[in-house]
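Position 136, counted from 1, in the first sequence is what the working numbering calls 149; the numbers after and before it change by one each time, with no gaps.
Below is one structure, written out as structure tokens; comments come after it.
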Amino acid sequence: MTSENPFAKFREECETALAYALKTTFPEVEADTLSLSKPPNVDFGQLASSLCFELAKKLKQKPIPLAERLVSAMPKSGFSLVSKVVAAGAGYVNFYADFPKFSDLALSSVRQLNFEYGFVKTGDPVKVIVEHTSVNPLHPIHIGQARNPMLGDALARILEYRGHAVSRHYYIDDVGRQSSVVAYGYLKLGKPKPDEKADRFVGEIYTVTCCLVELNRLKRELELAKTASLSEEVPKINKELAEWTSIAAELEEKFPTLFAKLLTKIGEDENPEEEINRLNRAYEDGEPEAKSLIREVSELCIQGFRETQQRVEVRYDSWDWESDFVWSDQVSKVLQKLKTSPFVYTEGGVLEFDAEKVVCDLDLKGKLGLRENYEVPPLTLVRADGTTLYTTRDVAYTLWKFDRADRVVNVIGMEQSLAQLQLKIALYALGNSDYADNFFHFAYNLITLPGYKMSSRRGRYITFDEVLDEAVERAFEEVSKRSPQLSQEEKREIANFVGIGAVRYALVDVDPSKPVIFTWDRVLDFETNSAPYVQYTHARACSILRKADRKPENADFGLLKEKLERELVLAVASFPDTFIEATEYLKPNLIADFANALADRFNTFYNALPVIKAESQELSDARLALTDAVRIVIHNALNLIGVVAPEKM
RNA sequence: GGGCGGGUAGCUCAGCACGGAUAGAGCAUCACCCUCCUAAGGUGGGGGUCGUGGGUUCGAAUCCCACCCCGCCCGCCA
Numbered sequence: 014m015t016s017e018n019p020f021a022k023f024r025e026e027c028e029t030a031l032a033y034a035l036k037t038t039f040p041e042v043e044a045d046t047l048s049l050s051k052p053p054n055v056d057f058g059q060l061a062s063s064l065c066f067e068l069a070k071k072l073k074q075k076p077i078p079l080a081e082r083l084v085s086a087m088p089k090s091g092f093s094l095v096s097k098v099v100a101a102g103a104g105y106v107n108f109y110a111d112f113p114k115f116s117d118l119a120l121s122s123v124r125q126l127n128f129e130y131g132f133v134k135t136g137d138p139v140k141v142i143v144e145h146t147s148v149n150p151l152h153p154i155h156i157g158q159a160r161n162p163m164l165g166d167a168l169a170r171i172l173e174y175r176g177h178a179v180s181r182h183y184y185i186d187d188v189g190r191q192s193s194v195v196a197y198g199y200l201k202l203g204k205p206k207p208d209e210k211a212d213r214f215v216g217e218i219y220t221v222t223c224c225l226v227e228l229n230r231l232k233r234e235l236e237l238a239k240t241a242s243l244s245e246e247v248p249k250i251n252k253e254l255a256e257w258t259s260i261a262a263e264l265e266e267k268f269p270t271l272f273a274k275l276l277t278k279i280g281e282d283e284n285p286e287e288e289i290n291r292l293n294r295a296y297e298d299g300e301p302e303a304k305s306l307i308r309e310v311s312e313l314c315i316q317g318f319r320e321t322q323q324r325v326e327v328r329y330d331s332w333d334w335e336s337d338f339v340w341s342d343q344v345s346k347v348l349q350k351l352k353t354s355p356f357v358y359t360e361g362g363v364l365e366f367d368a369e370k371v372v373c374d375l376d377l378k379g380k381l382g383l384r385e386n387y388e389v390p391p392l393t394l395v396r397a398d399g400t401t402l403y404t405t406r407d408v409a410y411t412l413w414k415f416d417r418a419d420r421v422v423n424v425i426g427m428e429q430s431l432a433q434l435q436l437k438i439a440l441y442a443l444g445n446s447d448y449a450d451n452f453f454h455f456a457y458n459l460i461t462l463p464g465y466k467m468s469s470r471r472g473r474y475i476t477f478d479e480v481l482d483e484a485v486e487r488a489f490e491e492v493s494k495r496s497p498q499l500s501q502e503e504k505r506e507i508a509n510f511v512g513i514g515a516v517r518y519a520l521v522d523v524d525p526s527k528p529v530i531f532t533w534d535r536v537l538d539f540e541t542n543s544a545p546y547v548q549y550t551h552a553r554a555c556s557i558l559r560k561a562d563r564k565p566e567n568a569d570f571g572l573l574k575e576k577l578e579r580e581l582v583l584a585v586a587s588f589p590d591t592f593i594e595a596t597e598y599l600k601p602n603l604i605a606d607f608a609n610a611l612a613d614r615f616n617t618f619y620n621a622l623p624v625i626k627a628e629s630q631e632l633s634d635a636r637l638a639l640t641d642a643v644r645i646v647i648h649n650a651l652n653l654i655g656v657v658a659p660e661k662m
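Written out as structure tokens, the structure is:
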């Protein structure tokens, strides 16, 4: 007998029995919930109900006698997984699993379903677009942004395993002034070929160009302020100038040739800022020269992104260019439609979207979880010069997504919560409330550095690549120390999946809403509650199975009587529940926590009880089956968060 | 000023959606465990006003209200 969700089967039996007992004992009572939950301790059984505490209130009696009456009214037959039901504590009803049968069910199920075990399919499969990463093509992905692809990829994986048709999208934000800045610098340099990783190369051009353009602008502003007798502005400008001058000194030291070249070339232009603005307008207008230039730099940078993503095994199904939405009529169509709604007005030459009016007219405050007295700020849709803004374009992009999917999940930092809310409200305003209801902003908090704020404009960041390099290097030292007998090649391979796994795990493990202060120690952890710990546990299980070198054909699961063994069976049997919860509530961190907890239990078991050298062949086989199940479940859990489950390390 | 998120052991975090039995891990620290299946491991000790104050409840880290601290947002930036 097998089950795709062994623990749920046990729970169903408990529910049926409890509901029956309740109905026969207290037919007059209406209970909306049976209040079943996992007790804190195996001594209290595998499931417990606190129903009697609520009954006590309704019936004005003490809980424990009620619990006893329920227990005596339990059906005497029909159980296959429940061994006994007991009234305990102040009034709990505790259900105990019949472990010989339950272990058999759980371990056989894992064995049979193998690498599909745990991935219970949804009854309502839909098409989902997960947009994640979407780092601007201006510089390498830095560690502050790396949380995004790690979470986004894990989300895409769990939704896919849940049975949804998932498409992973990268939104390339190439429209906007910054893209013109980097393209301008690139052009001034004579469109050079990169002599290093392409995104790094582009990032250097971006930072130095930014700095030089900023200095130029500030100097002109200073002159203007002096002559126009705006003397109160002078100290403020001087302060900014001093800051950028020191950044310039930093950059000149780091990239002397690049800096000198750009300094000369940009110096040739009277007003670089104006050149950049012109390029920006030309790009939005779709002029061929601007198009080819900006696309060329962007592509270059994206080439670097692809290399990084390959390293961490993150892939995308679609790369969507923001500029495509501007050049086609999709943005203007959205604007046309919004203009005919009563939610748009013009003020000072700009087009504004009255999100508050939408929320009031359509009575959305409760639905959106907003306070009654909170006013949603308006959103500017179109600038005075007729160009559109980021969120406006994002509305067109979102409609495009809903042409291709039933549900949209945007993995975007929480600093964009308001913009994402306004976007959602715009969908309601356009009459697409079904879209709006299926539009989810998966928000996560920032990763910061302890000393200073990361700033790509100032060239102050630690790149994701650097973190990965360091992780792999430290893992290599670790492998060399622990397994000196391995060949260089083996060590390198292990160091790679250990280092990268450690980073992936560390970025997925913490609750996304928590802010993270980046430290090397935090990400490059090789001890308990890290990917290497879980990986090691997996390798350890593999090693036992390898050494045993036989199929556990004579297993007697009734012999698994130790508390440690039963806890392991329970954990393995509960994986489908954890998977479903992680998927339905979009909580990939639950998977990491589960994997770690399972590894913990297995290591305790490993240290306490012999598997191969157990007292009898039947017990040994039962423990081997248990070890095999743990191996499979750890493999499946790690797979969901994109971490390699190695057979050796 | 308004909104959102966070505040749990010296440090990093879990638990909070759905209130239940002694609030859990890891790091650090102290003491142990490799003639034994991988010690990236295990065992044990010490360490807590769950930000503060009220409230609801038989029962609150969890729900409600007020306040405090930290971060982010409130742009014709993205």
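Note that beta-carbon positions come from the ideal geometry of N, C-alpha and C, so glycine has one too.
Source: prediction; values computed, not measured.
(message) Please list the terminal residues of the continuous alpha helix (DSSP H) segment that includes Val521.
(response) 501-522
(request) For Ile530, count neighbouring Cβ atoms within 10 angstroms of its own Cβ and tell me buried if that reaches 16, exposed if not. (result) exposed
(message) Need the endpoints of the alpha helix (DSSP H) that Asp641 sits in, please.
(response) It spans 630-653 - the alpha helix (DSSP H) in which Asp641 sits, taken as one unbroken run.
(request) Over the uninterrupted beta strand (DSSP E) stretch that includes Thr393, give me the two end residues. (result) Going by DSSP, Thr393 is part of the beta strand (DSSP E) stretching over 392-395.
(request) Give the single residue among Pro248, Asn616, Pro565, Asp450 whose Cα lies nearest to the Cα of Leu581. (result) Asn616
(message) Going by DSSP, what residue range makes up the alpha helix (DSSP H) through Ala612?
(response) Counting along the chain, Ala612 sits inside the alpha helix (DSSP H) bounded by residues 602-621.
(message) Let's test the definition: count the other Cβ atoms within 10 Å of the Cβ of Ser14 and tell me whether it reaches 16, buried, or not, exposed.
(response) Note that residue 14 is Met in the sequence shown here, rather than Ser. With fewer than 16 Cβ atoms within 10 Å of its Cβ, Met14 is classed as exposed.
(request) Keeping to the same chain, check which residues put their C-beta closer than 8 Å to that of Val247; ignore five residues upstream and five downstream. (result) Leu235, Ala238, Lys239
(message) Ala515 and Ala552 - do their beta-carbons sit closer together than 9 Å?
(response) no
(message) Using the three-state DSSP reduction, which class does Val627 fall into: helix, strand or coil?
(response) In the sequence under discussion, the amino acid at residue 627 is Ala, which differs from the Val named in the question. Three-state DSSP puts Ala627 in coil, outside helix and strand.
(request) Could you have a look at Asn290 and say whether DSSP puts it in helix, strand or coil? (result) helix
(message) Going by C-alpha to C-alpha distance, which of Ser193, Leu443, Gln323 sits closest to Tyr296?
(response) Ser193
(message) Using only the alpha-carbon positions, how far apart do Gly317 and Val480 sit?
(response) When the Cα atoms are used, Gly317 and Val480 turn out to be separated by approximately 15 Å.
(request) Could you check which residue in Leu603, Val492, Pro528 has the C-alpha nearest to that of Glu428? (result) Pro528
(message) Give me the residue from Tyr174, Asp569, Val492, Arg487 with the minimum Cα distance to Asp534.
(response) Arg487
(message) Assuming the contact rule is C-beta atoms closer than 8 Å, Ala584 and Leu622 should be a hit. Round their C-beta distance to whole Å, please.
(response) With 8 Å as the limit, Ala584 and Leu622 do not qualify as a contact, their Cβ atoms being about 16 Å apart.
(request) Compute the beta-carbon to beta-carbon distance between Val421 and Asn445, rounded to the nearest angstrom, for a pair I have assumed lies under 8 Å. (result) No, Val421 and Asn445 are not in contact; Cβ-Cβ is about 11 Å, not under 8 Å.
(message) Cutting at 6 Å between CB atoms, please list the residues of its own chain near Ala442, excluding the five before and the five after it.
(response) Ser354, Phe356, Val371
(message) Mapping the DSSP letters down to three states, classify Thr146 as helix, strand or coil.
(response) coil
(request) Measure the C-alpha to C-alpha separation of Tyr474 and Ile154 and round it to an integer number of angstroms. (result) 9 Å
(message) Going by the DSSP bridge assignment, what does Phe132 pair with across the sheet?
(response) According to DSSP, Phe132 bridges with nothing at all.
(message) Per the DSSP calculation, His155 is bridged to which residue(s)?
(response) Thr476
(request) Could you pull the start and end residues of the alpha helix (DSSP H) that His182 belongs to? (result) First-last for His182: 178-185, but that is the beta strand (DSSP E), not the alpha helix (DSSP H).
(request) For the beta strand (DSSP E) containing Gly426, list its first residue and its last residue. (result) 420-426
(request) Determine the DSSP secondary structure at Lys97, reduced to helix, strand or coil. (result) Lys97: strand per DSSP, three-state reduction.
(message) Please state the DSSP three-state secondary structure of Tyr296.
(response) helix
(request) Consult DSSP for Thr353 and reduce its assignment to one of helix, strand or coil. (result) The answer is coil: DSSP assigns Thr353 none of H, G, I, E or B.
(message) Going by C-alpha to C-alpha distance, which of Asp590, Arg308, Thr146 sits closest to Phe455?
(response) Thr146
(message) If contacts are defined as beta-carbon pairs under 8 Å, then Ile185 and Ile289 qualify, I think. What distance do you get, rounded to the angstrom?
(response) 19 Å between Cβ atoms; not a contact.
(request) Please state if the CB of Lys134 and the CB of Gly176 are separated by a distance shorter than 9 Å. (result) yes
(request) Give the secondary structure of Leu459 by DSSP, where H, G and I count as helix, E and B as strand, and everything else as coil. (result) coil
(message) Residues in the same chain with beta-carbon distance under 6 Å from Arg181, minus the five sequence neighbours each way, listed in chain order, please.
(response) Correct list, in chain order: Val143, Ala169, Tyr329, Asp330.
(message) On the DSSP letters alone, give me the boundaries of the alpha helix (DSSP H) that Val2 sits inside.
(response) The structure shown has nothing for residue 2, since the chain only spans 14 to 662.
(message) Assuming contact is defined by CB atoms lying nearer than 9 Å, are Asp419 and Val139 in contact in what I supplied?
(response) yes
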